[in-house]
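Q:
In the numbering used here, the protein residues as written are 470 to 896.
1. Helix, strand or coil for residue 527, going by three-state DSSP, please let me know.
2. Please report the distance separating the alpha-carbon of residue 526 from that of residue 848.
3. Please name the residue, chosen from 684, 632 and 539, that lies closest to residue 615 on a Cα-to-Cα basis.
4. Under three-state DSSP, which class holds residue 521?
5. Below 8 Å on the Cβ atoms is my guess for residue 768 versus residue 819; work out the distance and round it to an integer in Å.
6. From what residue to what residue does the beta strand (DSSP E) around residue 818 run?
7. Is it buried or exposed, residue 604, if we count other Cβ atoms within 10 angstroms and call 16 or more buried?
8. What residue range does the alpha helix (DSSP H) around residue 592 cover?
9. With a Cβ-Cβ cutoff of 8 Å, do residue 745 and residue 722 count as a contact?
10. Among the residues of its own chain, which have a CB less than 8 Å from the CB of residue 736, if the five just before and after it don't count?
11. Look at residue 718 and residue 581 and say whether their C-beta atoms are less than 8 Å apart.
12. From the DSSP secondary-structure annotation, give me the bridge partner or partners of residue 745.
13. In chain order, what residues of the same chain have a beta carbon less than 8 Å from the beta carbon of residue 822, not counting five sequence neighbours either side?
14. Just how far apart, CA to CA, sit residue 636 and residue 619?
15. Just to check my reading of the structure: residue 779 and residue 772 have Cβ atoms closer than 8 Å, yes? What is that Cβ distance to the nearest angstrom?
16. So for residue 570, helix, strand or coil by DSSP?
17. On the CB-based measure, 16 or more other CB atoms within 10 Å of its CB, does residue 419 come out buried or exposed?
18. Please state the DSSP three-state secondary structure of residue 538.
19. Please return the same chain residues whose Cβ sits closer than 8 Å to the Cβ of residue 577, not counting the five positions on each side in sequence.
20. Starting from the C-beta of residue 669, find all residues in its chain whose C-beta is less than 8 Å away, skip the five residues before and the five after it, and write them out in chain order.
21. Measure from the alpha carbon of residue 592 to the alpha carbon of each residue in 846, 832, 714 and 643, then state which is nearest.
22. For residue 851, list the residues DSSP reports as bridge partners.
23. Tell me whether residue 552 is buried or exposed, calling it buried when 16 or more other Cβ atoms sit within 10 Å of its Cβ.
24. Give me, in chain order, the residues of the same chain whose beta-carbon lies closer than 8 Å to that of residue 813; leave out the 5 immediate sequence neighbours on both sides.
25. Return yes when the Cβ of residue 627 is within less than 8 Å of the Cβ of residue 675, no when it is not.
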């Protein structure tokens, strides 16, 4: 009985293992069939797509003829047209706007008034400074008169001292002669000599005082003259500012801005008006600092304005970088072109390289950028796929190094839908 039960249990276990193995094999087979079906479906879709995309309408494509010519490699940048000359008129004084004579857009001639300022406060300061200068100049004159009088008085005293010394010297000689004659004493000689020495010392003292007095007064006069010169310089500067406060155009041009806030208080140095010469323009360009190594003065430039190309070159590059952008100035060969307008935004192309006598074709969406790429060439009503090497590119042309010849017709519109087709029929 026990042996029978063991056989029954073993049979059950073996049946379970067989069932699991069969189930696993069935699952693997189902997955393999599903994968095969998916692969066949993908292949079928590819074949159908290739079959459907084997033709294209002529109206859906654009073409260009391969030609021999030159091409320039360019870096894209942006630019803004600015007047080559623009004068900013600022207030030379603290004042208020009294009257506005010219509006923005008006043409002006050199010397023509733009606006007037209320200069009364500055005029009062000018008159006050003028009075201080006159007072200081009078002080200089007074010091010079005092010096002259002092010099005269001291010189007179000096002459008197000299006469007294001469008299005392004679007294010494007389005392000596009298002593030899037996009528005088040695004490008399000594007294006369003492009086002469005292007088001589007094004269030296007086001469020293004269010298010191003169030096002191000359220093005082010099200081007063320096102070007067400073006041005179300040007065002249203020006079120039008052003259400049008559806001006039320094040359002919067009008023591009004027402050029309009559009565507004204006600080010294604040902008009042701008005058531009609209007969000559320049372009201020901007480009990412990633191109900093290729940007330098003298670099040829193409400026594109409404399909019109203007040539020029970089004249200077800003040494500073702001928000990862470098600014540079462009001098145009044709600065007075009629297409140029102030503050106009333009496309700028920096010419970094030039290839001459190469095969080129008009640029278009078909050229994606890589050096090696497939293009389609029209031949006998069909577009044949060819692999070519691309050289320099710019906004007008693409250099093709091989795979085509001059005169070939290349499709330059987007043909990415036909990348798997070797040949496409053109209807």
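Here a beta-carbon is modelled for each residue, glycine too, at the ideal position from N, C-alpha and C.
A: By the coordinates alone:
1. In this structure, residue 527 counts as helix in the three-state DSSP scheme.
2. Residue 526 and residue 848: Cα-Cα distance of roughly 15 Å.
3. Of the listed residues, the one whose Cα sits closest to residue 615 is 684.
4. Because the pLDDT of residue 521 is 49, which lies under 50, any placement of that residue in the model is unreliable, and the question is left without a value.
5. So it is a contact: roughly 6 Å between Cβ atoms.
6. Taken as a continuous stretch (DSSP letters only), the beta strand (DSSP E) holding residue 818 covers 814-831.
7. Residue 604 is exposed by the Cβ-count criterion.
8. Taken as a continuous stretch (DSSP letters only), the alpha helix (DSSP H) holding residue 592 covers 589-649.
9. Going by beta carbons, residue 745 and residue 722 fall inside the 8 Å limit.
10. Around residue 736: 560 and 563.
11. A contact, by the Cβ cut-off of 8 Å.
12. As computed with DSSP, residue 745 is found in a beta bridge with 555 and 723.
13. Correct list, in chain order: 541, 542 and 861.
14. Spanning the two alpha carbons is a distance of roughly 26 Å.
15. Rounded, the Cβ-Cβ distance is 4 Å, consistent with contact.
16. Under the three-state reduction of DSSP output, residue 570 falls in the coil class, being neither helix nor strand.
17. This structure leaves residue 419 out entirely; the chain is present only between 470 and 896.
18. Residue state for residue 538 is assigned as strand, using DSSP reduced to three classes.
19. Counting only Cβ-Cβ distances below 8 Å, and skipping sequence neighbours, we find 571, 583, 718, 721, 722, 723, 724 and 744.
20. So the list reads 634, once near-sequence residues are dropped.
21. Residue 714 is the option with its Cα nearest to residue 592.
22. Residue 851 is bridged to 848 and 894.
23. By the neighbour-count criterion, in which a residue is buried when 16 or more other Cβ atoms sit within 10 angstroms of its Cβ, residue 552 is buried.
24. Here the set comprises 549, 550 and 774.
25. In this structure, residue 627 lies closer than 8 Å to residue 675 by Cβ.
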